[in-house]
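Beneath this line is the structure, given in structure tokens, with notes to follow.
Residue numbers (the numbering used here), protein chains in the order written: chain A, -6 to 952; chain B, 1428 to 1545.
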């Protein structure tokens, strides 16, 4: 199976559980399982090639200028991790099927789980580090959703936020580190980076890059001092803990350290940072784990400890250390996932995870007892279990590692950690399962159904098989270790054996087990000491840190962002002005190259009207109706200006838009106050006037400046003029640009227009279903109403005009390609025709005659335009390539048929739909409770204050 | 002629900006509409001013107005209608919801802990 498919399958499959949950939980589980199984089988098809030592790569260039390519690589290491992710994923999905309660939304859970799975597989198969970073961030996000899955639990939400904050910050640091790495090498492809060890380690930026990348790895893998988020993430459902926090996500940091091992390791910096962090984490995690009473918290800290162990092994920088690390990753994933699932079973059946309330479960839950005990013994490092093998390799490596010039430091700490590690494993067995049966469990414990214990049981079988017969997996471990090491060091093929002879590691192992038993015997006095010792609480520190950051952000934002929009406007204008002045004073001013054209009387008259209306607006804007009239004058003058300066299409568009805008504002004014009160002081008005005046002056100067100069570069307009007829088949160049040259732009714009209209519709719906609804229905108009809501003259006139308007619209549409006109303009013209019906005959009457909803019209428009564009694919041309031909149907003249006209039809429909949907939404607000819908046009308004004179024949007209 | 256009753009900008800095929604909307005119004409003027030569191809005629800014402004005009409509709707919703058409937020006391809750 293609590597692309393996990565994409979980992502594509992620929509299935959410959809299939409607078909029942079993179906939902089934599809999720099948998705992962398919990906798993797909991965396994590559097994022969991997075993033969091949590296499978595939990919294509995505954003080559950024160096971001979708390249995937499957080698031993990637295969190993992908197997863990998908294989354990299968077990977790089966386990979660039983674990999730009836009230948990299983579809949501499995959707998140598959998203996470896809992101993880993406990390381990990426060959491009930028691509890897994308998947890296995706795991942070999807794990956030999974940890916070139980949204009703505050611990879950807090734990999810903490995990996101810590791993997200680390991810940001890692982005920086990876970018530096890419800059050093000159490529973002792992396969290239991994070949450049000397180049990277000799670079002065090696240390910053190393620290930044390690920050990402340490936060993700919960290494000291970032270990604290992992225990808090335990508020997640147990399948999540078992999956993310034992086998997969926390191993992502380890994976990356292993992946980068050939180029980053081997330096003193790497050795000191990574080994020290790992060692501290290992010891700290083990000590804390012993004193945790919550089963999952104990396992969480034990995971922290084991991750520290693996980190330390990678830190030593030797081939043997890397091999031990790989082997321990495998072993830890098997026994720890089994233990988490066992803890989940106990929680599920006994309704508590508190060790102090448990004990004696051996007799009540024999199956769980066997599973958990075998896994724990492996974790404690007892012979004939897989944990023993890798732990002894760790101890052996520890004896050879000298940190800070002190030969005994690493072995002593490793043994110390192992003692505590053994102790908490024994405590887990002893205090949960052994001892007398109690009678005060919160629920009667019993073994779960097979679906729940089979997945951990399978893992425990692996634990024992690897422990007894390590030669079965040792070739595979060598293979993966070789993939980690690359050609940096030589791996001595040393067989993984249970018995090595009387080596120091054996004595350390014996000491660990014996020490662990002693610690458990002394547990009660030790716990008292532990409880009385003051310790820094990581969560309190973290919360204080976050609070400090929030305060800092508030202190910066509050003075700048105080909700006074008028102030923002003023600040913005002044800033732009200052920038413009800076450009003006530092740039050079060229001489004018164009002549000034003489002013004609007509133009001067139009200018005078525009200026008078604009200035009038400043002084008269408090009377809102008058302001609308004035702004209408400005719009009209602008349209005439467009005609004057050879832009007929613009003029037609402007004037039609003007009409619908004014209608829209009138509709809004129906609800708003009719006057604007005087609130600002004279000083403030003066200040605003001064700012506005200066900005206006600057704008005028800027315009004047470039109107008198020719463009610096050759504009592309010449190309459009030359090719409009030849290539686009139209003589109206503006229209050809819209529907042909820049058709893709236009396509985007009609979509934006449609979205705007839908937004207005949605806002109206929200308003009408909210508290404003009662007010709207019961409001009394603040202006006297006309007695005849629908004047006869207007009704008759608009109806007569309607066919004429439609014909004009049709004509403007048809001629658009060659003469001024086109889809935009005819759409607006037809909209005005329909709006006239609403205004004259009323909402009810018009709506009743409406065949197609406006949403549909918008959709049809966008669809027609889009399909026209797609149509060119069938001829092997790019999207929206146009074609045209000339046909002649006798008795008519020859005429042109262009695909662009079909596209223009889409534009037309989208414009009609969007304009009408907006206006219709506004007018829906105007309907009132006590005014009946008019079924007939030309009705009277019975709600009017002064009842019309019954003798007046006009008032009864139309009924 | 250039002066007329430049000064008209300047005046429309000034009036629009002044209105945008008013305290109620309706004048602000009118101000945005005025700024829209100014910006559209400004963009249009980037094709320089040409009288009596619309970009409709005719046999034997060689000079035409620059069609590109016209095409760009045409869609800008239509989009600005959509934008105005949305802004008006938001203003209307705010007014109907709170019986208040002030643009600025009333200065409120900073409540610590707001938004911190899980």
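All C-beta atoms, glycine included, are put in the ideal place defined by N, C-alpha and C. The structure displayed is predicted, hence computed values, not measured ones.
Check                                                                                                                            : Outcome
Assigned exposure category for residue 616 of chain A - 16 Cβ within 10 Å defines buried                                         : exposed
Residue burial classification, residue 464 of chain A (beta-carbon count within 10 angstroms, cutoff 16)                         : exposed
Inter-stretch contact at 8 Å, needing at least 3 Cβ pairs: the segment 330 to 345 of chain A / the segment 262 to 280 of chain A : no
Through-space distance from residue 162 of chain A to residue 1494 of chain B, alpha-carbon basis                                : 50 Å
Outcome for residue 707 of chain A when other beta-carbon atoms lying within 10 angstroms are tallied against a minimum of 16    : exposed
C-beta contact flag for residue 953 of chain A and residue 288 of chain A at 7 Å                                                 : It is not possible to answer for residue 953 of chain A, since the shown part of chain A is limited to -6 through 952.
Member of A:691, A:650 and A:228 whose CA lies at the smallest distance from the CA of residue 575 of chain A                    : A:691
Interfacial residues, the segment 765 to 796 of chain A to chain B, with Cβ spacing under 8 Å                                    : 765, 768 and 769
Proximal chain B residues relative to residue 731 of chain A, where beta-carbon distance stays under 8 Å                         : 1498, 1501 and 1502
Partner residues on chain A for residue 1436 of chain B, Cβ-Cβ distance less than 7 Å                                            : 692, 693 and 696
Contact check, residue 543 of chain A vs residue 70 of chain A, beta carbons under 7 Å                                           : no
Straight-line gap, residue 403 of chain A to residue 381 of chain A (C-alpha atoms, nearest Å)                                   : 19 Å
Residue 723 of chain A classed as buried or exposed, judged by whether at least 16 other C-beta atoms fall within 10 angstroms   : buried
Three-way DSSP call (helix, strand, coil) for residue 918 of chain A in this model                                               : helix
Assigned exposure category for residue 704 of chain A - 16 Cβ within 10 Å defines buried                                         : exposed
7 Å Cβ cutoff, residue 1440 of chain B in contact with chain E                                                                   : Protein chains in the displayed structure are A and B, and chain E is not among them.
Endpoints, the alpha helix (DSSP H) within which residue 742 of chain A is located                                               : 736 to 762
Own chain, CB closer than 7 Å to residue 30 of chain A, minus 5 neighbours either side, in chain order                           : 83
Proximal residues of chain B, C-beta to C-beta of residue 557 of chain A below 9 Å                                               : 1530, 1531, 1532 and 1534
Distance CB(residue 896 of chain A)-CB(residue 687 of chain A) smaller than 7 Å                                                  : no
Limits of the alpha helix (DSSP H) - the one that residue 18 of chain A falls within                                             : 18 to 37
Chain B contacts from the segment 581 to 611 of chain A (Cβ-Cβ distance under 8 Å)                                               : 587, 589, 590, 591, 592, 593, 596, 597, 600, 603, 604, 607, 608, 610 and 611
Contacts that residue 614 of chain A makes with chain B (C-beta to C-beta distance below 7 Å)                                    : 1446, 1454 and 1457
Alpha carbon of residue 950 of chain A to alpha carbon of residue 784 of chain A, nearest angstrom                               : Residue placement at residue 950 of chain A is poorly supported in this model, since its pLDDT is 44, which falls under 50; the coordinates are not used for a value here.
Contacts that residue 1495 of chain B makes with chain A (C-beta to C-beta distance below 8 Å)                                   : 708, 709, 710, 713 and 730
Range covered by the alpha helix (DSSP H) that runs through residue 885 of chain A                                               : Where residue 885 of chain A is concerned, there is no enclosing alpha helix (DSSP H), given that its DSSP letter is neither H nor E.
Beta-carbon proximity check, residue 355 of chain A vs residue 426 of chain A, cutoff 7 Å                                        : yes
Sufficient close CB pairs (3 or more, under 8 Å) joining the segment 127 to 138 of chain A to the segment 154 to 161 of chain A  : yes
Segment contact flag, the segment 1502 to 1517 of chain B with the segment 673 to 682 of chain A, C-beta cutoff 8 Å, min 3 pairs : no
Residue 1487 of chain B at chain A interface by Cβ criterion, 7 Å                                                                : no
Residue 347 of chain A (DSSP reduced to helix, strand or coil)                                                                   : strand
Closest residue to residue 822 of chain A among A:673, A:782, A:711 and A:642 (Cα-Cα distance)                                   : A:642
Distance between beta carbons of residue 1444 of chain B and residue 1455 of chain B, contact taken as under 8 Å                 : That pair is no contact at about 11 Å.
Within-7 Å CB hit, residue 1492 of chain B to chain A                                                                            : yes
Cα-Cα separation between residue 146 of chain A and residue 237 of chain A, rounded to whole angstroms                           : 19 Å
C-alpha distance - residue 103 of chain A paired with residue 685 of chain A, whole-angstrom precision                           : 57 Å
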